[in-house]
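The opening position of the sequence shown corresponds to residue 269 in this note's numbering, with each subsequent residue numbered one higher.
What follows is a short report on a single structure.
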Amino acid sequence: MAAPEKTAGSKSGMTQAGAPAIVGSDRQKVLRAGFIPLVDASVLIAAAEFGFAAREGLTLDLVKDVSWANVRDRLAFRQFDIAHMLSPMPVASMLGLGSNPSPTITPFSLGRGGNAITLSTRLFARMKALTGLSETAGALENAKALKQVLDDMRARGEAPPTLGMTYPFSSHNYEFRYWLAAGGIHPDHDVKLVVVPPPLTSDALAAGAIDGFCVGAPWNIVAAERGVGRIVAAKQDLWPSAPEKVIGMRPQWAESQQETVSRLLTALDAAARWCDLSENHDELSRALADPRYIGAPQSIIRHVLAGEFSIDSQGNRRVIDKYFIFHGGHANYPRRSQALWIYSQMIRWGQAEFSQAGVEAALSAYRPDIYRVALGDTNAPGDADIRIEGQEEGDRFVDGLVFDPADIAGYVNGFSVRTSAPFSPPAGET
269 MAAPEKTAGS
279 KSGMTQAGAP
289 AIVGSDRQKV
299 LRAGFIPLVD
309 ASVLIAAAEF
319 GFAAREGLTL
329 DLVKDVSWAN
339 VRDRLAFRQF
349 DIAHMLSPMP
359 VASMLGLGSN
369 PSPTITPFSL
379 GRGGNAITLS
389 TRLFARMKAL
399 TGLSETAGAL
409 ENAKALKQVL
419 DDMRARGEAP
429 PTLGMTYPFS
439 SHNYEFRYWL
449 AAGGIHPDHD
459 VKLVVVPPPL
469 TSDALAAGAI
479 DGFCVGAPWN
489 IVAAERGVGR
499 IVAAKQDLWP
509 SAPEKVIGMR
519 PQWAESQQET
529 VSRLLTALDA
539 AARWCDLSEN
549 HDELSRALAD
559 PRYIGAPQSI
569 IRHVLAGEFS
579 IDSQGNRRVI
589 DKYFIFHGGH
599 ANYPRRSQAL
609 WIYSQMIRWG
619 QAEFSQAGVE
629 AALSAYRPDI
639 YRVALGDTNA
649 PGDADIRIEG
659 QEEGDRFVDG
669 LVFDPADIAG
679 YVNGFSVRTS
689 APFSPPAGET
C-alpha cells in the first residue's frame, strides 16, 4: 500500500505554541495535534507526513511536547484540537480524576504494543548474583527475582529503589504495577514510584536518579544500548491486548465537528494500515528519527518496528513478533471492556472507588459509535464491545488471570496485592 503523494509544505507542519487554527466554514480543516516523541505516535505522524490527512482535506499541525500533563492541559485549554494520549487519560478525565480533569473522549486507538520495563544494570546484576537468574529469564521470573532483592535490601536497611513511570493515569503505571504485584512486590510499599517524562527516562537512569522505568519505545532500547539498562519485560509479556495510546479530543469539539472527525478517522485508518506494512518501515523510521518527531537513531527505531532489539549492551537481544501493531487485529478500535479494565486498575491502586456511576463514566470515554460512523461496521470487530479480557490463547495476562467486566469488584478483590481495601458494590450495583 503506497502512501499518498506528499503535499508541498508537509515538512513544515510542526509548530510550538499558539491557539488552534479555525477556518470560517462549519468544518475545521486545520487541526493542531499534540504528541509525545514515541514510536506509538507513528500513525498520527504518518497521517501528517505522508499525505493521508491531506487526502481527506485536512492539515495536521503537529506540536511536539515533553510531558503527558502538558498534553492534557493544552487539549483542555484548546491549544490542541486533538492529541496523542495515554489510553487511561480519557477514562481518568471522565471520572474527574487528576489535577485538570477536562472531559476527553477517544474514538480511535493508535495501535498496540511498544512498552517495556527496564531496570538499571546495577539492580539487574544484583538480581543475578542473589538468585542465580538466567539471561533468558521471563518477565515473571524477573519480577520474582526483584522481589528477593528487595527483601534483601530491606533486611540490610537499604532504601527501596526508585522506579519511573510516565504519568499516574498511564498504561505504563498500571503495567509496571501489574508486573511488580505479580512478583509479590507492593508498588506503594516496597518501591518508590515517581513520574519521569518519556524522553528523560534513559538520562535519569544513567544519572542514578531512578533505578528502573516503564516507558514506550524507543527509550528502553536507548537505555539498553547505552549500557545503563536491562529490559526485563515487554508489554506482550504482561497483556498483549493492553490498550496503549489513543487519539483524544474534547467531546464538545467532536460533536461540533462531526464531518472533520470522520475525515480524521479515515485518514488515521489509512495511515495505520500503511504503518503496519513492513515494506514501509524504512521510510517510516526515517521520518520518526527526524528531530521534529522523535530524534532517536533511525537504526534503533527500525529495529523496534521489526520487534528486534537489544535488551542490554552485552549482546543479548530479543525478537518479539508484532511488537507494534498499528492496525491488524482491530488495533484501532476503542473497545469498551478495555476502558473498564483501566477503571479496575484505578480502583485496585486507590485512585478511584467502585460505583455504577464510575462504570458509566469510564464507558463514556471510549466511543466505538464514532468509530463505526466514520469507518463502518465492516471495519469493526464482530464480537461484543464489552468482552471478557485475557481468556484467549496468545492474549493472556502475565499472572494467568482473566478480567470479567461484569464483576469488577470480584476481580479487584481477588488480588492479594492492592492498595484498595476489599469492598462490596452497593446494593443493585455490580
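Every residue, glycine too, gets a C-beta built ideally from N, C-alpha and C.
Remember, it's a predicted structure, so these values are computed and weren't measured experimentally.
For residue j and residue i, the rounded distance between their alpha carbons
i: residue 677; j: residue 451; result: 22 Å
i: residue 607; j: residue 512; result: 11 Å
i: residue 533; j: residue 427; result: 48 Å
i: residue 454; j: residue 445; result: 8 Å
i: residue 309; j: residue 303; result: 7 Å
i: residue 602; j: residue 629; result: 15 Å
i: residue 327; j: residue 595; result: 22 Å
i: residue 575; j: residue 592; result: 7 Å
i: residue 683; j: residue 598; result: 29 Å
i: residue 562; j: residue 436; result: 23 Å
i: residue 399; j: residue 392; result: 11 Å
i: residue 425; j: residue 473; result: 23 Å
i: residue 382; j: residue 538; result: 20 Å
i: residue 419; j: residue 394; result: 12 Å
i: residue 626; j: residue 390; result: 42 Å
i: residue 440; j: residue 578; result: 20 Å
i: residue 648; j: residue 641; result: 10 Å
i: residue 679; j: residue 457; result: 22 Å
Whole-number beta carbon distance between residue j and residue i, since they are thought to touch under 8 Å
i: residue 349; j: residue 301; result: 7 Å
i: residue 362; j: residue 605; result: That belief does not hold up - the Cβ atoms of residue 362 and residue 605 are roughly 16 Å apart, past 8 Å.
i: residue 529; j: residue 638; result: 6 Å
i: residue 484; j: residue 466; result: 6 Å
i: residue 618; j: residue 688; result: 5 Å
i: residue 704; j: residue 610; result: Since the first residue shown for the chain is 269 and the last is 698, residue 704 is missing from the structure and cannot be characterised.
For residue i, the nearest candidate out of the options (CA to CA)
i: residue 545; options: 355, 311 and 473; result: 311
i: residue 346; options: 567, 309 and 522; result: 522
i: residue 493; options: 611, 593, 565 and 271; result: 565
i: residue 429; options: 527, 445, 532 and 480; result: 480
i: residue 343; options: 626, 517 and 556; result: 517
i: residue 360; options: 389, 508, 597 and 615; result: 615
i: residue 663; options: 509, 653, 383 and 587; result: 509
i: residue 667; options: 449, 673, 551 and 498; result: 449
i: residue 502; options: 323, 456 and 488; result: 488
i: residue 297; options: 461, 323 and 581; result: 323
i: residue 330; options: 476, 506, 315 and 395; result: 315
i: residue 409; options: 447, 515 and 376; result: 447
i: residue 368; options: 599, 375, 339 and 401; result: 339
i: residue 519; options: 365, 375 and 679; result: 375
i: residue 335; options: 317, 547 and 434; result: 434
i: residue 365; options: 438, 404 and 413; result: 438
i: residue 468; options: 299, 648 and 333; result: 333
i: residue 352; options: 506, 536, 319 and 460; result: 536
For residue i, three-class secondary structure by DSSP
i: residue 557; result: helix
i: residue 678; result: helix
i: residue 501; result: strand
i: residue 667; result: coil
i: residue 586; result: strand
i: residue 404; result: coil
i: residue 379; result: coil
i: residue 329; result: strand
i: residue 272; result: coil
i: residue 359; result: helix
i: residue 597; result: coil
Range of the contiguous alpha helix (DSSP H) that encloses residue i
i: residue 385; result: Premise fails: residue 385 lies in the beta strand (DSSP E), 383-388, not in any alpha helix (DSSP H).
i: residue 339; result: 336-344
i: residue 469; result: 469-474
i: residue 440; result: 439-450
i: residue 351; result: From DSSP, residue 351 is part of no alpha helix (DSSP H) but of the beta strand (DSSP E) over 350-354.
i: residue 320; result: 320-323
i: residue 534; result: 526-544
i: residue 493; result: 487-494
i: residue 641; result: 636-643
i: residue 567; result: 566-574
i: residue 621; result: Residue 621 -> no alpha helix (DSSP H), and no H or E assigned at all.
The beta strand (DSSP E) enclosing residue i, as first and last residue numbers
i: residue 302; result: 298-303
i: residue 462; result: 460-463
i: residue 515; result: 513-517
i: residue 657; result: Where residue 657 is concerned, there is no enclosing beta strand (DSSP E), given that its DSSP letter is neither H nor E.
i: residue 432; result: 430-433
i: residue 480; result: 480-484
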